[in-house]
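**Student:**
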Amino acid sequence: MREGRGWSLAQLGDKIGVSRAQVWQWEDGRSVPTPHNLVELAKALQADPYELFDADVEAPSLHDLRVRRGLSAKDLAAQAGLPYEGLVHRLDLGRGAAQVPDEVLRKLADALDVNTETVRDALHRSRQRRPL
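Counting the sequence shown from 1 gives a position; our numbering is that position plus 1.
(1) What distance in whole Å lies between the Cβ atoms of Arg-126 and Ala-60, which are believed to be in contact at a cut-off of 8 Å?
(2) Classify Asp-103 as helix, strand or coil using the three-state DSSP reduction.
(3) Using 10 angstroms around the beta-carbon of Asp-1, count the other beta-carbons present and answer buried if the total reaches 16, otherwise exposed.
(4) Does Asp-55 pass the burial test, meaning 16 or more other C-beta atoms within 10 Å, or should it be called exposed?
(5) Where does Ala-79 fall in DSSP's three states?
(6) If you follow the alpha helix (DSSP H) that Asp-122 is part of, which residue opens it and which one closes it?
(7) Could you give the first and the last residue of the continuous alpha helix (DSSP H) run that contains Val-33?
(8) In chain order, what residues of the same chain lie with their CB nearer than 7 Å to the CB of Trp-27, ignoring the 5 residues before and after it?
(9) Please state if the CB of Ala-112 and the CB of Leu-77 are separated by a distance shorter than 8 Å.
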């Protein structure tokens, strides 16, 4: 995408506020952008963040939804007004309770700018996909 626009590593880095070396590391697979940088990268490239990381667009997990919004799990917890360690972090890893209270679903949905059913489905997929 970058090369298709004729941009150098440094030019793309300048557009999103990171170094040329950082962009190279992402492209080389040595590191991955933070959720915030991923969103900035998508804006610069005029792409959907889902195009830039391994996400299932049709069936996103909670992780996919939050990364698309440019949020770390801690950011999501803060925006939703929910505890990080005991709740949001576990849900993000697919390790949370099978039945999540409606109030928690609503707070997550509001923070992610989606409906509660989308969050419920994403949590279910997170549990299905979690590593053993």
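All residues carry an ideal CB built from backbone N, CA and C; glycine is no exception.
**Tutor:** In short, the structure shows the following:
(1) 6 Å
(2) helix
(3) This structure leaves residue 1 out entirely; the chain is present only between 2 and 133.
(4) exposed
(5) helix
(6) 117-130
(7) From DSSP, Val-33 is part of no alpha helix (DSSP H); its letter is neither H nor E.
(8) Val-33, Pro-34
(9) yes
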